Amino acid sequence: MSAEPILTTRDLAKRYGRRTWALAGIDLDVPEGGVTALVGPNAAGKSTLIKTWVGFERPTRGRVTVAGIDPWKDRSAALAHLGYVAQSPSLYDALTVDEHLDLASQLRPGFDRAYARQRLDELGIPAGQSAKSLSGGQQAQVALALALGTRAEVLLLDEPLASLDPLARREFLHVVTDAVRSGGQTALLSSHIVTDVEQACDRLVVLGVGRVLLDDTVAHALATHAISADGSGRSDRVGEFADPAGSRVTLVQQAAESTAESRVEGGTLRPATLEEVVLGYLASSRAPAASAA
Amino acid sequence: MTAVGRWLNLSYRLQRWEVLAAVTGTILLLGVSLWWSRELHTLTDAYPRCRGLAVGAAECEPFYLQFQGIAKWGQLALHASWAAPFGMGLVLGVPLVSREIEHGTAAMAWTLSSSREQWLGTRVAFAVLLLIVLLAGIAAVSELLASALSPAQQLASDFTWYGQRGPLIVARGLAALALGAGVGAVIGRALPGLLLAGFASALLFTAISLGMDRWNGSEAVALPYGVETEPGVLQLGRQVVLSNGDVVGDAYLASLENILIDGDGSVYARFDPATGLPDRSSLVGRYRQLVLPGASYPEIIARESAVAVGSALLLLVGTIGIVRRRRPSP
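Listed below in structure tokens is the structure:
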């Protein structure tokens, strides 16, 4: 995996209307290769961030690049590096799966129709079936196959899992990770469901109300965070939230070597799950960003 | 299947209902127009001496009656030929962008395409091609029907049935399509887009019509009021030559109180109470009629067609600008 960032933002801010800041000054580098999860609650700005890279949204302030190209200044050049799957991907009701591949071949020079078709064949999605009659999971797979067929270096996947059942989600993520690992691509997958992306991602970006709260590899994030049953007053405290039983727990940040389950001064620590890491950081940032200034 | 074949197939599948509606409407209109044209020709051929519609000649009376009976249906078909470019242009044009936005497919299409301009070009090209083919058919058949309705006139140099026949039908269709695509791109919803585009097209074509009247008016021939004009001239309106030589329009007279116009087009300001006739000493000016001779028809029709096609090109450029900047969601 190269350390060279293929997606960047610098002081990226996006305002809707006069007061609503969806993004409030984000600096982010997504390195080339692997799968990065972009996690955050609804209205955290995940879709807005992805849409600025695709060139659908113009930054109010700051700059974004795709492979060094500003998508708002040269959208075509930026899109040549991107494959995109929208939130609730919509296909053409009137077209069959195969006709979607025809359409992509027509619109995108160099579209790898055979590769996209192979991906769909492996999933048993019939080429002659109309898109309208496919299940939600199959439609998402067709949208993903279209993005993969572009053979773009970067896949931007904007909450494609949100409307899928668990089996379809798992299948979708399997295709993404398989494609990325075999093709050396970079994928950025946004979701508000951490458990969905835990197995698939190498890297985690937690976005909370327009700001980056955590940007780390999954392995390092897990190694450097722990859960304390009584974290009040701790200097390494990140955030406090309720566990499934209703008890308050605290996410704490630790040096990597001290996060094995251990007893330290101030209470019992146990390793944090990725979901707890995310919850801890989201809890640390409850105040909405009223202004990007 | 070749690349062109795939493009045609996909374009058709993406606009199937509009295409079917346009093709069906065209076939019906062509069929009806050809039918009434044939009926009129058959009748005219049966009364060769009455070709000039000599009303009053006893031997032509049956011909005249039958001709009028058929002609009213033929005229309806010509009215439909006049409306076809607006209807078909809007029906094919509005959904091009708006439906993609409304159904959420624009995000996929715009990121798959190498550019939005290329995507729009692919979509518009099919609609334009289809529209040209269909409207060219209507334009040609409407010429046949018009000549059957006016058998004594040489319609190649004649303004009769202006706008209901010939190339202007195609040109207007292209302008309507481009306008529809642009409005659809702004609105992002097909049905509201269609309603708004209908309103916008009424404004656009009224503006073009008024502009053309002004342009053509500068080349019009002024004839004294009441002089019977040749058949096939284009009546552009009236004007008044005031006693001091100034030329004014109808609006000037409307601003005066108690004007009187006599049979030869003289305009007076008051009555002579003694005679009950206009007071000759109060002459304001004289009406005259503005006409374009039939010989100007080819030039005028080419001119208005060029204006419509030019408008279409400008509107398409505007649509490209909208699509380039627009979000892919409503």
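Chains as they are written, first to last, in our numbering: chain A, 1256 to 1548; chain B, 491 to 820. All residues carry an ideal CB built from backbone N, CA and C; glycine is no exception. It should be emphasised that the depicted structure is a prediction, and the values quoted were computed from it without experimental measurement.
Quick one: what's got a C-beta closer than 7 Å to A:R1374's C-beta in the same chain, skipping five residues either side? In the first sequence, the residue the question calls residue 1374 of chain A occupies position 119. In its chain, beyond the 5 residues on either side, A1400, L1403, V1430 have a beta carbon closer than 7 Å to the beta carbon of A:R1374.
Using a beta-carbon distance below 8 Å, is B:R496 in contact with chain A? Sequence index remark: in the second sequence, residue 496 of chain B carries index 6 (1-based). Yes, because at least one Cβ of chain A sits closer than 8 Å to the Cβ of B:R496.
Are the CB atoms of B:L504 and A:L1362 within a distance shorter than 8 Å? In the first sequence, the residue the question calls residue 1362 of chain A occupies position 107. In the second sequence, the residue the question calls residue 504 of chain B occupies position 14. Not a contact, by the Cβ cut-off of 8 Å.
Is the Cβ of A:S1418 closer than 8 Å to any Cβ of chain B? Indexing the first sequence from 1 puts residue 1418 of chain A at position 163. Cβ-Cβ to chain B under 8 Å: no for A:S1418.
Starting from the N-terminal side, write out each stretch of the beta strand (DSSP E) that is 3 residues or longer and does not extend beyond the stretch 1352 to 1426 of chain A. Segments of the beta strand (DSSP E) lying fully in the stretch 1352 to 1426 of chain A: 1409 to 1413.
Contact set between B:I605 and chain A, taken where Cβ atoms lie within less than 9 Å: Walking along the second sequence from the start, residue 605 of chain B turns up at place 115. Note that residue 605 of chain B corresponds to Ser in the displayed sequence, not to Ile. Taking a Cβ-Cβ threshold of 9 Å, the residues of chain A close to B:S605 are R1330, S1331, L1334, in chain order.
Beta-bridge partners of A:L1293, as assigned by DSSP: On the first sequence, residue 1293 of chain A is found 38 positions in, with the first residue counted as 1. A:L1293 has A:S1445, A:V1460 as its beta-bridge partners, per DSSP.
Alpha-carbon to alpha-carbon, A:R1525 and A:E1453: The residue you call residue 1453 of chain A lines up with position 198 of the first sequence. The residue you call residue 1525 of chain A lines up with position 270 of the first sequence. So the two alpha carbons sit approximately 19 Å from each other.
Cβ of B:M702 within 8 Å of Cβ of B:V799? Position 212 of the second sequence, counting from 1, holds the residue named residue 702 of chain B. Position 309 of the second sequence, counting from 1, holds the residue named residue 799 of chain B. No, they are not a contact pair.
Using 8 Å as the threshold, is the C-beta distance between B:V631 and B:L566 below it? If you number the second sequence from 1, residue 631 of chain B lands on position 141. If you number the second sequence from 1, residue 566 of chain B lands on position 76. Not a contact, by the Cβ cut-off of 8 Å.
Under 8 Å, Cβ to Cβ, is there at least one residue of chain B near A:R1425? On the first sequence, position 170 is the one that residue 1425 of chain A refers to. No Cβ of chain B is located within less than 8 Å of the beta carbon of A:R1425.
What are the boundary residues of the beta strand (DSSP E) that A:E1495 is part of? The sequence position of residue 1495 of chain A within the first sequence is 240, counting from 1. Counting along the chain, A:E1495 sits inside the beta strand (DSSP E) bounded by residues 1492 to 1497.
Range of the contiguous alpha helix (DSSP H) that encloses B:D703: Counting from 1 along the second sequence, the entry for residue 703 of chain B is found at position 213. Where B:D703 is concerned, the enclosing alpha helix (DSSP H) stretches over 680 to 707.
Distance cutoff 8 Å, beta carbons only. Does B:T809 sit that close to anything in chain A? Here residue 809 of chain B corresponds to residue number 319 of the second sequence, with the count starting at 1. No, no contact with chain A.
How about A:L1534: is its Cβ closer than 7 Å to a heavy atom in the ligand FMN? This structure lacks the ligand FMN, and indeed carries no ligand of any kind.
I want to see whether chain B comes within less than 8 Å of A:R1363, judged by CB atoms only; does it? To locate residue 1363 of chain A, count along the first sequence from 1; it is residue 108. It does; some Cβ of chain B falls within 8 Å.
Mind checking which residues open and close the alpha helix (DSSP H) that includes B:W525? Start at 1 with the first residue of the second sequence, and residue 525 of chain B comes out as number 35. Run containing B:W525: 506 to 536, per the alpha helix (DSSP H) assignment.
Look at A:H1382 and A:Q1394 and say whether their C-beta atoms are less than 8 Å apart. As a working note, residue 1382 of chain A is residue 127 in the first sequence. As a working note, residue 1394 of chain A is residue 139 in the first sequence. The question names His, but residue 1382 of chain A in the sequence shown is Ala. The Cβ atoms of A:A1382 and A:Q1394 do not sit closer than 8 Å to each other.
Just checking my contact of A:A1349 with B:R528 at CB under 8 Å: how many whole Å lie between their CB atoms? Counted from its first residue, the first sequence places residue 1349 of chain A at position 94. Counted from its first residue, the second sequence places residue 528 of chain B at position 38. The C-beta distance from A:A1349 to B:R528 rounds to 38 Å, too long to fall under 8 Å, and the pair is not in contact.
Measure how close the beta-carbons of B:Y758 and B:S772 come, nearest whole angstrom, since I'm counting them as under 8 Å. Along the second sequence, one-based indexing puts residue 758 of chain B at 268. Along the second sequence, one-based indexing puts residue 772 of chain B at 282. Contact flag correct, Cβ pair sits at about 5 Å.
Does B:G594 get closer than 8 Å to chain A when you measure Cβ to Cβ? Here the question's residue 594 of chain B lines up with position 104 in the second sequence. B:G594 counts as touching chain A.
Going straight from the alpha carbon of A:L1356 to that of A:V1397, what length do you get? Here residue 1356 of chain A corresponds to residue number 101 of the first sequence, with the count starting at 1. Here residue 1397 of chain A corresponds to residue number 142 of the first sequence, with the count starting at 1. Note on geometry: alpha-carbon atoms of A:L1356 and A:V1397 lie some 9 Å from one another.
Just verifying my parser: in three-state terms, what is the DSSP assignment at A:S1539? Locating residue 1539 of chain A in the first sequence gives position 284, counting from the first residue. In this structure, A:S1539 counts as coil in the three-state DSSP scheme.
Would you verify that the beta carbon of A:E1354 is, or is not, closer than 8 Å to some beta carbon of chain B? The residue given as residue 1354 of chain A occupies position 99 in the first sequence. Yes - at least one Cβ of chain B is within 8 Å of the one on A:E1354.
Does any CB atom of chain A fall closer than 8 Å to the CB of B:T612? For the purposes of this step, residue 612 of chain B is taken as residue 122 along the second sequence, with counting starting at 1. Taking Cβ atoms only, chain A reaches closer than 8 Å to B:T612, which makes this a yes.
Range of the contiguous alpha helix (DSSP H) that encloses B:W651: Locating residue 651 of chain B in the second sequence gives position 161, where the first residue counts as 1. Neither: B:W651 is in no alpha helix (DSSP H) and is coded neither H nor E.
Using 8 Å as the limit for Cβ to Cβ distance, is A:S1302 near chain B? For the purposes of this step, residue 1302 of chain A is identified with residue 47 of the first sequence, where counting begins at 1. No - not a single Cβ of chain B is within 8 Å of the one on A:S1302.
Please report the straight-line C-alpha distance between B:I622 and B:L669, rounded to a whole angstrom. Taking the second sequence and counting its residues from 1, one reaches residue 622 of chain B at position 132. Taking the second sequence and counting its residues from 1, one reaches residue 669 of chain B at position 179. When only Cα atoms are considered, B:I622 and B:L669 end up about 16 Å apart.
Test: B:R817 CB closer than 8 Å to a CB of chain A: One-based indexing of the second sequence puts residue 817 of chain B at position 327. Answer yes: the Cβ-Cβ gap between B:R817 and chain A drops below 8 Å somewhere.
At least 3 beta-carbon pairs within less than 8 Å: the stretch 1406 to 1419 of chain A vs the stretch 1439 to 1446 of chain A: The stretch 1439 to 1446 of chain A and the stretch 1406 to 1419 of chain A touch, with three or more beta-carbon pairs separated by less than 8 Å.
Report yes if the C-beta distance between B:P768 and B:L750 is below 8 Å; otherwise report no. Indexing the second sequence from 1 puts residue 768 of chain B at position 278. Indexing the second sequence from 1 puts residue 750 of chain B at position 260. Remark: C-beta atoms of B:P768 and B:L750 approach each other more closely than 8 Å.
On the premise that B:E592 lies in contact with B:P820, defined as a C-beta separation below 8 Å, what is that separation, rounded to the nearest angstrom? The residue given as residue 820 of chain B occupies position 330 in the second sequence. The residue given as residue 592 of chain B occupies position 102 in the second sequence. Going by Cβ atoms, the distance from B:P820 to B:E592 rounds to 6 Å, so yes, they are a contact pair.
A:D1451 beta carbon less than 8 Å from that of A:L1422: Position 167 of the first sequence, counted from the first residue, corresponds to residue 1422 of chain A. Position 196 of the first sequence, counted from the first residue, corresponds to residue 1451 of chain A. No; because the gap between Cβ atoms is not below 8 Å, this pair is not in contact.
N-terminal and C-terminal residue of the alpha helix (DSSP H) that B:Y554 is part of: The count along the second sequence starts at 1 and reaches residue 554 of chain B at position 64. Counting along the chain, the alpha helix (DSSP H) containing B:Y554 begins and ends at 551 to 583.
Beta carbon proximity, B:A744 to chain A, threshold 8 Å: As a first step, residue 744 of chain B is located in the second sequence; it is residue number 254 there, counting from the start. It does not: the Cβ of B:A744 has no partner Cβ on chain A nearer than 8 Å.
According to DSSP, is A:D1266 part of a helix, a strand, or is it coil? Translated into positions along the first sequence, residue 1266 of chain A becomes position 11. It is a strand residue.
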